[in-house]
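Chemist:
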Amino acid sequence: MPYSPRHCQHARLMLLLLVGACAESNLEPENARALEPPPVYRTWWAEVQACADLSAPFQRVRWYEASQIINRESGTEHVGAWLPPHTILIHSQRLLLEAAVKHEMVHDLLQVPAHDSPLFLDCAGM
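Its first residue numbered 12, the sequence shown is counted upward by one per residue in the numbering used here.
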């Protein structure tokens, strides 16, 4: 039975989540699906790059939205999440929450899961 592009997208996301979960996260997104980033994300990416004095192609990021993003260990819900190397999940009801999206962009530009850098506050406001 041939697989549809949607099945392949879902399989890639699940693989990324499994790898990401082993690397640094206990995230469990619900109803995750590929997201065509809104045009404003390119503007925010440029702003975060300028603020952080870092550069990377916007196209490298794979975007997903999910109805919930839960940390299995703590039971806390998240507005967004970054999974290495270049996957960003955003809660479906917070797709245009600028600070949250920029926060995940900072993770991708720095390529770190930790929040030690002042760039999270300086460039994303959180």
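All C-beta atoms, glycine included, are put in the ideal place defined by N, C-alpha and C.
Give the secondary structure of Gln122 by DSSP, where H, G and I count as helix, E and B as strand, and everything else as coil.
Modeler: It is coil, neither helix nor strand.
Chemist: Using only CA atoms, which one of Arg53, Phe131 and Leu46 lies nearest to Ser78?
Modeler: Considering only alpha carbons, the answer is Leu46.
Chemist: On the DSSP bridge assignment, give the partners of His102 in chain order.
Modeler: According to DSSP, which records beta bridges pairwise, His102 is partnered with Ala77.
Chemist: Measuring CB to CB, does Ala67 end up less than 7 Å from Leu120?
Modeler: For Ala67 and Leu120, yes; Cβs fall inside 7 Å.
Chemist: Let me know the secondary structure DSSP gives Leu108 once reduced to three states.
Modeler: Correct three-state label for Leu108: coil.
Chemist: Where DSSP assigns a beta bridge to Glu47, which residues make up the other side?
Modeler: DSSP, once it has assigned bridges, lists no residue as partnering Glu47.
Chemist: With DSSP collapsed to three states, give me the class of Pro95.
Modeler: Looking at Pro95 - three-state DSSP - the assignment turns out to be coil, as it is neither helix nor strand.
Chemist: Leu130 and Ala43 - do their beta-carbons sit closer together than 7 Å?
Modeler: In this structure, Leu130 does not lie closer than 7 Å to Ala43 by Cβ.
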